[in-house]
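J.:
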Amino acid sequence: MLRLPQLDSSRKCGPCTACCTALGVEELNKPRGVICKHICNGCAIYATRPESCRTYYCAWRVGFGLPEDRPDKIGVVCTYVTSKSVGRRVLEILELWEGAADEPRPSALIKQAAATQIVFIQGNKTRKPFTIIPQYEAGKIKLEILNNMEAALKDQLPGFMPGSTTEK
Ligand code: SF4
Ligand code: SF4
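So for the sequence shown, the numbering used here puts the first residue at 1496; every next one is plus one.
#1: Whole angstroms are fine: how far does the CA of C1548 sit from the CA of T1611?
#2: Could you tell me the alpha carbon to alpha carbon distance between A1554 and T1577, rounded to whole angstroms?
#3: Return yes when the Cβ of P1601 is within less than 8 Å of the Cβ of A1608, no when it is not.
#4: Hey, L1591 and G1618 are a contact pair by Cβ (cut 8 Å); roughly how many whole angstroms apart?
#5: Note down, one range per segment and in chain order, each beta strand (DSSP E) of at least 3 residues found wholly within the segment 1528-1599.
#6: Identify the residues that DSSP records as bridge partners of E1639: which are they?
#7: Beta-carbon separation of R1665 and R1584 under 8 Å?
#8: Please work out which residues of its chain come closer than 6 Å, Cβ to Cβ, to D1624, disregarding the five sequence neighbours upstream and downstream, and give them in chain order.
#9: Which residues in the same chain as V1520 place their Cβ atom closer than 8 Å to its Cβ, once the five residues preceding and following it in sequence are excluded?
#10: When DSSP builds the beta bridges, which residues end up paired with I1616?
#11: Between A1542, E1522, K1568, which lies nearest to T1599 when the distance is taken from Cα to Cα?
#12: Once DSSP output is grouped into helix, strand and coil, what is the label at K1507?
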């Protein structure tokens, strides 16, 4: 089992509700990329919100990026996801709007993150998901872009370097 980094107490959600749009919520049958029907100046059912909502924290809340990179400001919601099949942590990035991941700040964050870990990017609407895998050749990092996350994880596991992954 993988352990996520600790919450950064200086990083609060504040007015951000980006994950309430970007993520799917199984209990509510809410698909990814759709604004939750309960958003109303925050969460209208905060006291009784589903378990998925209670336990979710994006990567920014645990220290990913700079303090000013809150998801609603930069347009991407980043989440550390445990891949059971390979027993490693990967970073999943969901766009809040079409092309958000291509904008300068998200692009820089993605490049930085992909140097040490597998990054899976899910576009908003029409863009197909893709995966960036760090490859190490002669001590240099080369980022390889693949279209299918599961295939990529299986193929690349033997040569994958864990980077900042922490394990119990
Ligand atoms: S995306 Fe992150 S900062 Fe924004 S509301 Fe969700 S957990 Fe909080
Ligand atoms: S139920 Fe509340 S916390 Fe959960 S996705 Fe909807 S608005 Fe967000």
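Using N, Cα and C, we set each Cβ at its ideal position, and we do this for glycine too.
If you're wondering where the values come from, they're calculated on a predicted model, not measured in any experiment.
T.: The short version:
#1: If you take the alpha carbons of T1611 and C1548, they lie about 28 Å apart.
#2: As the crow flies, the alpha-carbon of A1554 is around 13 Å from that of T1577.
#3: Not closer than 8 Å, so no.
#4: Not a contact, Cβ separation roughly 11 Å.
#5: Within the segment 1528-1599, the complete beta strand (DSSP E) runs of at least 3 residues are 1571-1578, 1583-1590.
#6: Beta-bridge pairing links E1639 to I1628.
#7: This structure cannot settle anything about residue 1665, because the visible part of the chain is limited to 1496 through 1663.
#8: Before going on, a small fix: residue 1624 reads as Pro here, not Asp. For P1624, where only same-chain residues beyond five positions count, the Cβ hits under 6 Å are Q1617.
#9: Closer than 8 Å at the Cβ level, and outside the excluded window around V1520, lie C1531, P1545, S1547, C1548.
#10: Answer is I1588, F1625, bridged to I1616.
#11: Sequence inspection shows Pro at residue 1599; the Thr mentioned does not correspond to that position. Nearest C-alpha to P1599: K1568.
#12: Per DSSP, reduced to three states, the secondary structure at K1507 is coil, with no helix or strand assignment.
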